[in-house]
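Visitor: If you read the sequences in order, they're chains G and A.
Each residue of the first sequence is one higher than the one before, counting from 357 in my numbering.
Each residue of the second sequence is one higher than the one before, counting from 357 in my numbering.
Heads up, the beta-carbon is just placed ideally off N, CA and C, and yes, glycines get one too.
Number of protein chains: 2
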Amino acid sequence: MKNILIASTSTLHGSGYLDYILDDLAILFNGIEELLFIPYARPSGISHDAYTKIVNAAFSKININVKGIHTYKDPIDAIKNAKAIFTGGGNTFVLTNQLYKNNLIDVLLTVIKNGTPYLGTSAGSNICGLTIKTTNDMPIVYPPSFNALGLVPFNINPHYLDPDKSSKHMGETRETRIKEFHNFNTQPVVGLREGSWLEVKDNSIILKGHLTARVFEYNKTPYEVPSGTELNHLK
Amino acid sequence: MKNILIASTSTLHGSGYLDYILDDLAILFNGIEELLFIPYARPSGISHDAYTKIVNAAFSKININVKGIHTYKDPIDAIKNAKAIFTGGGNTFVLTNQLYKNNLIDVLLTVIKNGTPYLGTSAGSNICGLTIKTTNDMPIVYPPSFNALGLVPFNINPHYLDPDKSSKHMGETRETRIKEFHNFNTQPVVGLREGSWLEVKDNSIILKGHLTARVFEYNKTPYEVPSGTELNHLK
Numbered sequence: 357m358k359n360i361l362i363a364s365t366s367t368l369h370g371s372g373y374l375d376y377i378l379d380d381l382a383i384l385f386n387g388i389e390e391l392l393f394i395p396y397a398r399p400s401g402i403s404h405d406a407y408t409k410i411v412n413a414a415f416s417k418i419n420i421n422v423k424g425i426h427t428y429k430d431p432i433d434a435i436k437n438a439k440a441i442f443t444g445g446g447n448t449f450v451l452t453n454q455l456y457k458n459n460l461i462d463v464l465l466t467v468i469k470n471g472t473p474y475l476g477t478s479a480g481s482n483i484c485g486l487t488i489k490t491t492n493d494m495p496i497v498y499p500p501s502f503n504a505l506g507l508v509p510f511n512i513n514p515h516y517l518d519p520d521k522s523s524k525h526m527g528e529t530r531e532t533r534i535k536e537f538h539n540f541n542t543q544p545v546v547g548l549r550e551g552s553w554l555e556v557k558d559n560s561i562i563l564k565g566h567l568t569a570r571v572f573e574y575n576k577t578p579y580e581v582p583s584g585t586e587l588n589h590l591k
Numbered sequence: 357m358k359n360i361l362i363a364s365t366s367t368l369h370g371s372g373y374l375d376y377i378l379d380d381l382a383i384l385f386n387g388i389e390e391l392l393f394i395p396y397a398r399p400s401g402i403s404h405d406a407y408t409k410i411v412n413a414a415f416s417k418i419n420i421n422v423k424g425i426h427t428y429k430d431p432i433d434a435i436k437n438a439k440a441i442f443t444g445g446g447n448t449f450v451l452t453n454q455l456y457k458n459n460l461i462d463v464l465l466t467v468i469k470n471g472t473p474y475l476g477t478s479a480g481s482n483i484c485g486l487t488i489k490t491t492n493d494m495p496i497v498y499p500p501s502f503n504a505l506g507l508v509p510f511n512i513n514p515h516y517l518d519p520d521k522s523s524k525h526m527g528e529t530r531e532t533r534i535k536e537f538h539n540f541n542t543q544p545v546v547g548l549r550e551g552s553w554l555e556v557k558d559n560s561i562i563l564k565g566h567l568t569a570r571v572f573e574y575n576k577t578p579y580e581v582p583s584g585t586e587l588n589h590l591k
């Protein structure tokens, strides 16, 4: 019954918040009048209210009203009763920490598995994977666990970035980091470039958008998959 | 009695491992014949043996023999008896996890405070700060804590990178990440560019190298400090 959209980013360079994906969101959230927004990742540390306002402005273009989970007395009930859910980007550690703190991991998993349409972007996509161990974010808070929702049988690396061969900076490339990940973990990692997303319907996981994605499997050479590829075989 | 060198990186683009700082290391480790190396951060996932070999090759140029801590039966004793210690770069989470696992945090802190000369580069520098919450690394393992040695009264951000204004990538800049850090933490952060290091002697902390460093204090506009600046007032 899953009906999920896992996007690399909320925003493409030069366009407005969620603009590039709004047509697809109108389909995902067809018939929905009110969306529950989880603003916990707080990009640049903005407040839950300020973040929800930005999201509301975007969704008003497809006639959907947005309510922040922080405005509910009981966030577990808010998730149980939601007609649709969106978790926005920001810091994955802050997001994960708040989800655990509010005891929302189990209920979120249950309602999404039972068919509540879900959108994640960036940090909100990271938590759809098995763990948050392939986030790009700074670990500014210490969450009780790195385990995530596991809505797909692999990890997500959003904002996937190809190595810049002209760089003189000696920090690791994204590919090096994911290679390091596979010294300690065996699950696949899907590197989603900005503008790409995964469409998850029941057991089908399909790459969408115009770009290829980079797949990292344990003990295999990384490879590219074109848009339209079915990824549910990854395990 | 502290005698510490906290370097942003081990290697500058286009030169060999530790080459740029070797003259200063000859002073830091003056009279030392054998160095204890902590290879736990495992850059690119290389083995402890392979990593120690690289470090040994560099230190042989200043006539210092290098022994990896992994070759000792009792790593706590190895640290207690070490004449000098170097912790190399790689993944800060892997390094921190292994230090906790082997119960090395307390003993490391004790010997360094008592005067055992210490060199850290990259991940090995991150652990000199109050916490590892300003590392750039991917959280590929879950350490029991993000608390670090606290040899300086602030956090380190090694490989500090200025925002690339021409970039069309929508991931956060380093400055944005550190700003987010300060929504949840109040300690200062010193962004050390590649080629910079901190020289810590007793209570003096001086910025060295040719470049300025970027200092981020809670609720203040970030600012640059020139080489030679005394940083022990940061708190």
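Verify whether the separation of the beta carbon atoms of Asp493(G) and Arg533(A) is less than 9 Å.
Guide: yes
Visitor: Skipping 5 residues on each side, what residues in its chain have a beta carbon closer than 7 Å to that of Tyr579(G)?
Guide: Val571
Visitor: Starting from the Cα of Ile402(A), find the closest Cα among Ile441(A), Phe393(A), Tyr498(A) and Gly446(A) and give me that residue.
Guide: Gly446(A)
Visitor: Should Gly444(G) go down as buried or exposed, given a rule of 16 or more other Cβ atoms within 10 Å for buried?
Guide: buried
Visitor: So which residues of chain A does Val497(G) contact, with C-beta pairs closer than 7 Å?
Guide: Phe540
Visitor: Closer than 7 Å, Cβ to Cβ, to anything on chain A: give me those residues from the region 411–426 of chain G, in chain order.
Guide: none
Visitor: Taking only beta-carbon positions, decide if Arg398(G) is within less than 9 Å of chain A.
Guide: Interface residue (Cβ-Cβ distance to chain A less than 9 Å): Arg398(G) is classified as such.
Visitor: Under a CB-based cut-off of 9 Å, is Phe442(G) close to chain A?
Guide: no
Visitor: Please state whether the Cβ-Cβ distance between Leu587(A) and Val546(A) is less than 9 Å.
Guide: yes
Visitor: Can you tell which of Lys576(G), Lys521(G), Leu475(G) and Asn511(G) has its C-alpha closest to the C-alpha of Ala363(G)?
Guide: Leu475(G)
Visitor: For His566(G), decide whether its Cβ has a neighbour in chain A, counting only Cβ atoms nearer than 9 Å.
Guide: no
Visitor: Just to confirm my understanding: we take Gly506(A), look at its own chain, exclude 5 residues before and 5 after, and list those with CB closer than 6 Å. What are they?
Guide: Hits under 6 Å: Leu486.
Visitor: Nearest to Leu595(G) by alpha carbon, out of Lys591(G), Ser583(G), Asp430(G) and Trp553(G)?
Guide: In the structure as shown, chain G begins at 357 and stops at 591. Residue 595(G) is therefore absent and cannot be evaluated.
Visitor: Could you spell out the range, first to last residue, of the beta strand (DSSP E) harbouring Glu550(G)?
Guide: Per DSSP, Glu550(G) belongs to no beta strand (DSSP E) and is neither H nor E.
Visitor: Helix, strand or coil, according to DSSP, for Thr466(G) in the structure here?
Guide: helix
Visitor: Are the C-beta atoms of His404(G) and some chain A residue less than 9 Å apart?
Guide: no
Visitor: When Cβ atoms are compared, which residues of the region 478–508 of chain A fall closer than 8 Å to chain G?
Guide: Ile488, Lys489, Thr490, Thr491, Asn492, Asp493, Met494, Pro495, Ile496, Val497, Tyr498, Ser501 and Phe502
Visitor: Going residue by residue through the region 434–498 of chain A, where are the continuous beta strand (DSSP E) segments of at least 3 residues, counting only ones entirely within it?
Guide: 441–443 and 474–477
Visitor: 9 Å is my cut-off, CB to CB: does Glu573(G) come that close to chain A?
Guide: no
Visitor: Excluding the 5 residues flanking Lys557(A) on each side, which residues of the same chain have their C-beta closer than 7 Å to its C-beta?
Guide: Lys358 and Asn359, listed in sequence order.
Visitor: Assign Ala363(G) to one of three DSSP states: helix, strand, or coil.
Guide: strand
Visitor: If we call anything under 9 Å between Cβ atoms a contact, is Tyr376(G) one with Gly551(G)?
Guide: yes
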